[in-house]
Each structure stands twice: as structure tokens, then as C-alpha cells.
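**Q**
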Amino acid sequence: MKPQVLYVNEISKGIACRIGNQIYINKGLKKYPKLQKAIIKHEINHTSGFTMHDVKMDLVNNELKGHKVDYYKFVLTHPSSWTEFFPFDCYEGRFVYSIANTFIWFLAFITAGGILWILR
Ligand SMILES: [Zn+2]
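Those letters in the sequence shown? Residues -19 to 100, per this note's numbering, in order.
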């Protein structure tokens, strides 16, 4: 296997994303070095494409185990990171679609719809 060369770009929104050999990471994560390292590891473990492996990785997120407190602290204090939870986003003109986020939003709407149906 050819060694992969990855480039890390600091951005001011979302949390992190990998497109091909480019990793985009929120610069606010510098204040959380252990979390930043775990997130970069997660992005490295993604493929350079868009496969089932990538969807599974985002639903399980093994790399973040042990960093959840820092993760939620970062998300709650950096509203710019909330774009991470949209089903789709745009990084430097490149459109990114998240099946994992779409699935989570779908479950949230079904749950909310179910609660409203029960309460009507
Ligand atoms: Zn991921």
C-alpha cells in the first residue's frame, strides 16, 4: 500500500472533516490538545472516499472515547462548531454530505413526530 500524505487545514467552523487527502479541523481545538489529537486520528482513519466504513466510523466514533467531556465542552463553547451536525456542509467550495448526520436527524424527527402524535 502506498503511504498516504495528508494535509491538515485549520478552519473556523465545524469540528473536523476529511475530503480526499485534506483534513479540515476547527482551530479552536488547539485549546484542547488531547481532543484535537483524537479527532485528527479519527480523520486519518477515514478513507479518502465515501464508504460504509466512513459511515460506521462516524456512528461509533471510537477515537473520541475518553474525550467526551472535552468534546462537549468544546461544542458548547464554540457555536461555530455546530455546522458539524448539519446533514451537509461546504468546505472550500467542496460539498460534503453526511449519511450519519442524516440518519441522526431522521431519528430525531421520527421521535419528535411520535411524541407530538401521542400528545395530540
Ligand atoms: Zn468522521
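Each residue gets a CB set at the ideal place from its N, CA and C atoms; glycine is no exception.
For the segment -7 to 56, which segments carrying the alpha helix (DSSP H) assignment without a break, of at least 4 residues, lie completely within its bounds, in sequence order?
**A** Runs of the alpha helix (DSSP H) inside the segment -7 to 56: 13 to 25, 32 to 40.
**Q** Check the Cβ-Cβ distances between E23 and every residue of chain B, and say whether any is below 8 Å.
**A** No chain B appears in this structure, which consists of one protein chain only.
**Q** Any residue with its Cβ nearer than 6 Å to a heavy atom of ligand 1 should be included. What is that list in chain order?
**A** Ordered along the chain, the selected set is H22, H26, M37, D38.
**Q** Skipping 5 residues on each side, what residues in its chain have a beta carbon closer than 6 Å to that of L(-14)?
**A** Here the set comprises N1, I3.
**Q** Would you kindly work out how many angstroms separate the C-alpha atoms of P59 and I(-9), rounded to a whole number?
**A** Between P59 and I(-9), the C-alpha separation is close to 14 Å.
**Q** Give the range of the beta strand (DSSP E) segment to which F68 is assigned.
**A** Where F68 is concerned, the enclosing beta strand (DSSP E) stretches over 68 to 71.
**Q** Is the separation between the beta-carbon of I24 and that of A(-4) shorter than 8 Å?
**A** Their beta carbons are not under 8 Å apart, which means I24 does not touch A(-4) by this criterion.
**Q** Pull the bridge partners of E101 from the DSSP assignment, please.
**A** The shown model of the chain, from -19 to 100, leaves out residue 101, and the question about it has no answer.
**Q** For Y51 versus L44, is the C-beta distance shorter than 8 Å?
**A** Yes; because the gap between Cβ atoms is below 8 Å, this pair is in contact.
**Q** Taking the CB atoms as reference points, tell me whether F65 and N42 lie closer together than 8 Å.
**A** Not a contact, by the Cβ cut-off of 8 Å.
**Q** Per DSSP, which one or two residues make a beta bridge with V76?
**A** Beta-bridge pairing links V76 to D69.
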